[in-house]
Amino acid sequence: MRKGVIVVLFILSINILLTSCTDQEFTEALCHDTSEDSAFVKIWCKMQNNSPNSQNDEEEKDYGCIDYDGGLDYYRASYTISGRDAYRSDDYCNDATLIIESYCGSDNGKIYYRTTSFTCPNGCELGACRNNT
């Protein structure tokens, strides 16, 4: 059985409460901040082979990724945090209609943040597409 590694971050009084990853690619957790608001977040888990011959040196470790809007959500401004140094990537408007959305993804077994662009039908403002009014 493979065990997962989860990165738990405490950033600006934000606490993430979770149990553990098992044999799944991601898990969900409940996140609380100091204003007593809460939200579910998707936490991507790096599966490790815990056999006696596996190498776990610092360069091979994968520190995971947390997506605070749960994936590709163009209508909600948010951010992802990933890597050993807890790199933060915010969603932002590139121009009046184009949003650059951050999300967690994986490639060749490594989990990290990625970005994609999306043209907002009603325009982009403050890192999110405007809803149809």
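Mapping to our numbering: the sequence shown position 102 is 190, numbers consecutive.
C-beta: ideal position from N, C-alpha, C; glycine also.
Predicted model only: the values in this text are computed from it and were never measured.
CB contact flag (S205, N219, <8 Å): Cβ atoms of S205 and N219: not closer than 8 Å.
Minimum C-alpha distance to Y175 - residue among R202, R164, G159 and L214: For Y175, the closest alpha carbon among the candidates R202, R164, G159 and L214 is that of R202.
For I181, the three-state DSSP class (helix, strand or coil): It is Cys, not Ile, that sits at residue 181 in the sequence shown. The answer is strand: DSSP assigns C181 an E or B state.
Cβ neighbours of N210 in the same chain (closer than 6 Å, five flanking residues each side left out): Listed in chain order, the non-local C-beta contacts of N210 below 6 Å within the same chain comprise R218 and N220, local neighbours out to five positions each way being set aside.
So the candidates are R164, K198 and R172; which of them puts its Cα closest to the Cα of I187? Closest option to I187, judged by alpha-carbon separation, among R164, K198 and R172: R164.
Would you list the one or two residues that DSSP bridges to L175? Position check: residue 175 holds Tyr in this sequence, whereas Leu was assumed. S170.
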